[in-house]
Amino acid sequence: DQQVKQNSPSLSVQEGRISILNCDYTNSMFDYFLWYKKYPAEGPTFLISISSIKDKNEDGRFTVFLNKSAKHLSLHIVPSQPGDSAVYFCAASGASGGGADGLTFGKGTHLIIQP
Amino acid sequence: DSGVTQTPKHLITATGQRVTLRCSPRSGDLSVYWYQQSLDQGLQFLIQYYNGEERAKGNILERFSAQQFPDLHSELNLSSLELGDSALYFCASSDRGFWSGYTFGSGTRLTVV
Numbered sequence: 001d002q003q004v005k006q007n008s009p010s011l012s013v014q015e016g017r018i019s020i021l022n023c024d025y026t027n028s029m030f031d032y033f034l035w036y037k038k039y040p041a042e043g044p045t046f047l048i049s050i051s052s053i054k055d056k057n058e059d060g061r062f063t064v065f066l067n068k069s070a071k072h073l074s075l076h077i078v079p080s081q082p083g084d085s086a087v088y089f090c091a092a093s094g095a096s097g098g099g100a101d102g103l104t105f106g107k108g109t110h111l112i113i114q115p
Numbered sequence: 001d002s003g004v005t006q007t008p009k010h011l012i013t014a015t016g017q018r019v020t021l022r023c024s025p026r027s028g029d030l031s032v033y034w035y036q037q038s039l040d041q042g043l044q045f046l047i048q049y050y051n052g053e054e055r056a057k058g059n060i061l062e063r064f065s066a067q068q069f070p071d072l073h074s075e076l077n078l079s080s081l082e083l084g085d086s087a088l089y090f091c092a093s094s095d096r097g098f099w100s101g102y103t104f105g106s107g108t109r110l111t112v113v
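Sequence lines, in order, name chains U and Z. Counting with our numbering, you get residues 1 to 115 for the letters of the first sequence. Counting with our numbering, you get residues 1 to 113 for the letters of the second sequence.
Below is the structure:
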């Protein structure tokens, strides 16, 4: 049973436009969410996170929105740049105690930024 | 370079064999996490160690085991290998849990033939 779902395996966006990556979760115990970015032949790199006490977190071009009632989060990238082409993973944790237990990851969305 | 070092980068072995994957965490990080990424799957949490002690277990098979040594490097041992164990195995480290995100290594690609 997949507790974190990224239903779009791939997404193509024009350079300069907004990229919106979506993620749904089923476990209501999840209270901390993260986005990771992965280039080929590299490990995932942490991008941005959000706690369930917030509904939005911003860091430069990246904004994560959390809708707890819908169990849905999204990552907005604006403006999209060619270097943003990568696989994006959504991850969640229910261990608000800080580190125990691993993260539950989605399968990823491959974002392609078209010139 | 993320600061997390995994060796070897690639490993090809036969079914039934045993292999050891090694991870050196980022300097100062006490926690080490192991993840498995199979084809078309997200990363699956296997196990976490904190300062030498097992902290949490995920979907780790009984044929798999891990340990963290006094110098904080960690090893993941996979035995009685099956074709389905072919995957990317990632190690990650952190200094204070997942709050600021883990730092991942570049992974070990295991192919079982």
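Glycine included, every Cβ here is placed at the ideal spot set by N, Cα and C.
Pick from the options that is closest to residue i, judged by C-alpha positions
i        : options                             : result
Z:GLN48  : Z:LYS9, Z:ALA87, Z:TYR102           : Z:TYR102
U:GLN114 : U:ASP1, U:LYS5, U:GLY16, U:GLN6     : U:GLY16
U:LEU111 : U:CYS90, U:LEU34, U:SER12           : U:SER12
Z:PRO70  : Z:GLU54, Z:GLY84, Z:ALA87, Z:LEU81  : Z:GLU54
Z:LEU46  : U:GLY108, U:LEU103, U:ASP24         : U:LEU103
U:ALA70  : U:GLN2, U:ILE18, U:ASP1, U:THR26    : U:THR26
Z:ASP29  : Z:HIS73, Z:SER86, Z:LEU88           : Z:HIS73
U:THR63  : U:HIS72, U:PRO40, U:SER52, U:VAL78  : U:VAL78
Z:ALA87  : Z:THR5, Z:GLN6, Z:HIS10, Z:SER2     : Z:HIS10
U:GLY60  : U:HIS72, U:ILE53, U:SER80, U:SER52  : U:SER80
U:PHE46  : U:LYS5, U:ASP1, U:VAL4, U:ALA86     : U:ALA86
U:SER49  : U:GLU42, U:PRO40, U:TRP35, U:GLY43  : U:TRP35
U:LYS37  : Z:VAL113, Z:PHE104, Z:VAL112        : Z:PHE104
U:ALA41  : Z:ASP95, Z:PHE90, Z:VAL112, Z:SER24 : Z:PHE90
Z:VAL19  : Z:PRO25, Z:ARG96, Z:PRO8, Z:GLY52   : Z:PRO8
U:SER19  : U:GLY108, U:GLY106, U:HIS76         : U:HIS76
Z:GLY115 : Z:ARG96, Z:LEU21, Z:PRO25           : This structure cannot speak to residue 115 of chain Z, because chain Z is shown only from 1 to 113.
U:SER74  : U:GLY43, U:GLY94, U:GLY106, U:GLY83 : U:GLY106
Z:ASP1   : U:SER52, U:GLY43, U:VAL4            : U:GLY43
Z:SER79  : Z:ARG96, Z:ASP95, Z:GLN68, Z:VAL112 : Z:VAL112
Within chain A, the residues that residue i reaches when beta carbons sit closer than 7 Å
i       : result
U:PRO40 : Protein chains in the displayed structure are U and Z, and chain A is not among them.
Residue i: contacting residues in chain U (beta-carbon distance under 9 Å)
i        : result
Z:PRO45  : The displayed chain sequence assigns Phe, not Pro, to residue 45 of chain Z. Ordered by position in chain U, the residues that pass the 9 Å Cβ test against Z:PHE45 are ASP101, GLY102, LEU103, THR104, PHE105.
Z:THR2   : The question names Thr, but residue 2 of chain Z is Ser in the sequence shown. Under the 9 Å cutoff, chain U gives GLU42, GLY43, THR45.
Z:PHE104 : TYR36, LYS38, GLU42, GLY43, PRO44, THR45, PHE46
Chain U contact residues for residue i, given Cβ-Cβ distances below 8 Å
i       : result
Z:ASP40 : LYS107
One or two residues paired with residue i in a DSSP bridge
i        : result
Z:PHE45  : Z:TYR35
U:PHE30  : For U:PHE30, which the question treats as bridged, DSSP gives no partner whatsoever.
Z:ALA66  : Z:LEU76
Z:GLN17  : According to DSSP, which records beta bridges pairwise, Z:GLN17 is partnered with nothing at all.
U:LEU103 : Its beta-bridge partners do not exist; DSSP assigns none.
U:SER12  : U:ILE112
U:ASN22  : U:SER74
Z:ILE12  : Z:THR111
U:ASN67  : U:HIS72
Z:GLN6   : Z:CYS23
U:SER93  : U:TYR32
Residue i: contacting residues in chain Z (beta-carbon distance under 9 Å)
i       : result
U:PHE62 : Neighbours of U:PHE62 on chain Z: none; closest Cβ ~13 Å, over 9 Å.
U:PHE89 : GLY42, LEU43
Listed by chain order, chain Z residues near residue i by CB distance under 7 Å
i       : result
U:GLY94 : In chain order: nothing, as chain Z lies at least about 11 Å away.
Proximal residues of chain U, C-beta to C-beta of residue i below 7 Å
i        : result
Z:PHE90  : GLY43
Z:GLY107 : GLY43
Practice problem: Give, in chain order, every unbroken run of the beta strand (DSSP E) that is at least 3 residues long and sits entirely within the segment 69 to 109 of chain Z. | Solution: For the segment 69 to 109 of chain Z, whole beta strand (DSSP E) runs of length 3 or above, ordered along the chain, are 74 to 78, 87 to 94.
Quiz item: When you check each C-beta in the segment 53 to 67 of chain Z against every C-beta of chain U, which residues fall closer than 8 Å?
Solution: ARG55, ALA56, GLY58
Quiz item: At which residue ranges does the segment 31 to 61 of chain U contain complete beta strand (DSSP E) runs of 3 or more residues, listed in the order of the chain?
Solution: Complete beta strand (DSSP E) runs here, min 3: 32 to 38, 45 to 51, 56 to 59.
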